[in-house]
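In my numbering, the protein residues as written are 184 to 346.
Working notes for the structure below.
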């Protein structure tokens with residue numbers, strides 16, 4: 184992916200609309216951004232090929248599928264060596280409960296995880312049965328989400344420089 188992709192006002196409009204509704208048809212998208220269908224489709228394809236559009240996914244409401252407990256975990260590692268981090272990241276990547284894993288700095292922890300499970304018993308099983316058994320994990324601090332105030336995966340487009 185190029186580090187700086189030149190985007191014009193139509194590209195930015197397309198990105199805005201796709202972030203609002205990723206399932207919009209090409210015809211409706213074209214109408215919303217002021218293009219005809221063929222050029223709109225070409226632009227979307229170019230945005231995908233350049234890596235600006237990484238993927239299109241469906242966002243599921245966790246509570247609607249009985250994932251009622253969202254936890255934020257701060258994970259500390261015993262050694263700061265590449266092998267430890269690689270093994271941890273490989274193990275975590277295979278856990279369906281993990282919605283997000285971030286390598287962080289400026290905190291006592293090395294990683295921040297966001298996990299979704301049905302209840303506290305399930306959380307207990309994931310924590311003690313899997314996470315704390317990963318080689319190198321030396322500490323875990325957990326917080327639980329009481330309510331989501333902002334829940335978005337939209338990128339702020341106002342910072343994009345237009346060509």
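Glycine included, each C-beta is placed from N, C-alpha and C at the ideal position.
Every value quoted in this text rests on a predicted model; they were computed, and no experiment measured them.
CA-CA distance, residue 267 to residue 318, rounds to 7 Å. Uninterrupted alpha helix (DSSP H) stretches at least 4 residues long and entirely within the segment 260-284 occur at 265-276, given in chain order.
Leaving aside the five residues that flank residue 215 on each side, the residues in its chain whose CB is nearer than 6 Å to its CB run, in chain order, 200. In the DSSP annotation of this structure, residue 234 is not part of any alpha helix (DSSP H), being labelled neither H nor E.
Remark: three or more beta-carbon pairs, one from each stretch, lie closer than 8 Å, so the segment 197-211 and the segment 230-246 are flagged as touching.
By DSSP's assignment, residue 326 forms a beta bridge with 255. Judged by their CB atoms, residue 194 and residue 226 are nearer to each other than the 9 Å cut-off. By the neighbour-count criterion, in which a residue is buried when 16 or more other Cβ atoms sit within 10 angstroms of its Cβ, residue 213 is buried. Going by beta carbons, residue 296 and residue 247 fall outside the 9 Å limit.
DSSP places residue 298 inside the beta strand (DSSP E), whose first and last residues are 294-300. Distance from the CA atom of residue 220 to the CA atom of residue 328, rounded to whole angstroms, is 42 Å. DSSP, read as helix, strand or coil, puts residue 320 in strand. Put simply, of 304, 269, 252, 299 the residue whose alpha carbon is nearest the alpha carbon of residue 286 is 269.
Residue 190 carries a strand assignment under DSSP once its states are collapsed to helix, strand and coil.
A Cβ-Cβ separation of about 5 Å places residue 300 in contact with residue 252 under the 8 Å criterion.
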